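Asks:
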Amino acid sequence: MGDHLLRATAQGQIRMLAAVTTDLVNEAQRRHKTLPTATAALGRVLTAAVMMGATLKGEETLTLRVMGDGPLGTLVAVANARGRVKGYVQNPRVHLPLRETDGKLDVGRAVGKNGMLHVAKDLSLKEPYTGSVPLVSGEIGEDLARYYLDSEQTPSAVALGVLVDTDNSVKAAGGYIVQLLPGTDEDIISRLEENIKSAQNVSRLIDGGKDARQLIEEVLKGFAIKIHERLDLQFACDCSFERLEELLVSLGSEEIKSMIEEEQGAEVRCHFCNEEYHFSKTDLERLLREMKE
Ligand SMILES: [Zn+2]
Numbered sequence: 333m334g335d336h337l338l339r340a341t342a343q344g345q346i347r348m349l350a351a352v353t354t355d356l357v358n359e360a361q362r363r364h365k366t367l368p369t370a371t372a373a374l375g376r377v378l379t380a381a382v383m384m385g386a387t388l389k390g391e392e393t394l395t396l397r398v399m400g401d402g403p404l405g406t407l408v409a410v411a412n413a414r415g416r417v418k419g420y421v422q423n424p425r426v427h428l429p430l431r432e433t434d435g436k437l438d439v440g441r442a443v444g445k446n447g448m449l450h451v452a453k454d455l456s457l458k459e460p461y462t463g464s465v466p467l468v469s470g471e472i473g474e475d476l477a478r479y480y481l482d483s484e485q486t487p488s489a490v491a492l493g494v495l496v497d498t499d500n501s502v503k504a505a506g507g508y509i510v511q512l513l514p515g516t517d518e519d520i521i522s523r524l525e526e527n528i529k530s531a532q533n534v535s536r537l538i539d540g541g542k543d544a545r546q547l548i549e550e551v552l553k554g555f556a557i558k559i560h561e562r563l564d565l566q567f568a569c570d571c572s573f574e575r576l577e578e579l580l581v582s583l584g585s586e587e588i589k590s591m592i593e594e595e596q597g598a599e600v601r602c603h604f605c606n607e608e609y610h611f612s613k614t615d616l617e618r619l620l621r622e623m624k625e
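Residues in the sequence shown are numbered from 333 upward in steps of one, following my numbering.
#1: State whether the segment 576 to 592 contacts the segment 399 to 406, with contact taken as three or more CB pairs (one from each stretch) at a distance under 8 Å.
#2: Run through the DSSP bridge pairs and tell me what G507 is partnered with.
#3: Once you ignore the five residues that flank V600 on each side, which residues in its own chain have a CB closer than 6 Å to its CB?
#4: Any contact of the segment 484 to 493 with the segment 507 to 520, i.e. 3+ C-beta pairs under 8 Å?
#5: Cutting at 6 Å between CB atoms, please list the residues of its own chain near A452, excluding the five before and the five after it.
#6: Out of A360, H560, H450, D499, which has the shortest C-alpha to C-alpha gap to C602?
#7: Is it buried or exposed for K458, if we count other Cβ within 10 angstroms and need 16 for buried?
#8: Among V408, L349, V352, L337, which one has its Cα closest to the Cα of H364?
#9: Going by DSSP, which residues form a beta bridge with P424?
#10: Between the Cα of E607 and the Cα atoms of R621, G390, E617, D570, which residue gives the shortest distance?
#11: Tell me the rounded alpha-carbon separation between S501 and M623.
#12: Rounded to whole angstroms, what is the Cα-Cα separation between D519 and H427?
#13: Quick one: Cα of L337 to Cα of L563, how far?
Listed below in structure tokens is the structure:
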């Protein structure tokens, strides 16, 4: 069906975003060669970021950063308003034993329970926005729900799921964010809570063939639903030879000189997409000259 996102509202009191992100999480897995626990954590962060990005406008971007004290280190995802997202995990080769309680990938332990979740929005015409909350469980979904409540005063339920196949590829990934608008009736809240409780977990639903519309229909069962625009999603990086040049320049001329002397060139990787760029000795010498000018 291809990765996609839908926005919906119900009863004028609930808004919801739902996304299928199987392909883009798969692409991230291939690029960063993540092991299953890292794949699940990175996939959840990418899915969350791409949904949050869908609420932006024009050229605005959103950066979601999860910094826990677990073995994964920092997770980062950057999304824009057009459904494009890129991201990485500091230590991609992390895989932990499955949780004993339910046999699921132990994302919470891999991320760590102590740490912070940061959201930064680069808003074209306004001051940049940043908000941070301490992690609740490191499972990402709960942490993001806390962020919405504490930083944006919006009660939210967040579900994020990634199902990893036996060959390490991604079988299904996606999620949803449901939010209550101010003054939502109590009976609507309790009906919604019932729906969320009885819904199957989101990666299972997607693995079973459900698309974003069906996720919305499941979670908002019994409500008058209005579906808004659809957005196609993809893993996409905006790096280029020129951008990586800037990175090299920021290392300073001494570092570049030693690259010329010791290695006759440099291999530089983009953090976000793991693409490798080769700089020849001639390229580096040109950079040095430009830095002097
Ligand atoms: Zn890149």
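Even for Gly, the Cβ is constructed at its ideal location relative to N, Cα and C. Remember, predicted model here, so these are calculated numbers, not experimental data.
Replies: Per the coordinate set shown:
#1: No, the segment 576 to 592 is not in contact with the segment 399 to 406.
#2: In the DSSP output, where bridge partners are listed per residue, G507 has A351, L492.
#3: Around V600: L576, Y609.
#4: A contact exists between the segment 484 to 493 and the segment 507 to 520.
#5: Counting only Cβ-Cβ distances below 6 Å, and skipping sequence neighbours, we find T395, T462.
#6: When each option's Cα is compared against that of C602, the closest is A360.
#7: Looking at its Cβ environment, which holds fewer than 16 other Cβ atoms inside 10 Å, K458 is exposed.
#8: The shortest C-alpha separation from H364 is found at V408.
#9: Its beta-bridge partners do not exist; DSSP assigns none.
#10: Distance check between E607 and each of R621, G390, E617, D570 places D570 closest, using alpha-carbon atoms only.
#11: Those two C-alpha atoms are separated by around 43 Å.
#12: Each residue's CA atom was taken as its position, placing D519 and H427 some 42 Å apart.
#13: Their Cα atoms are separated by approximately 5 Å.
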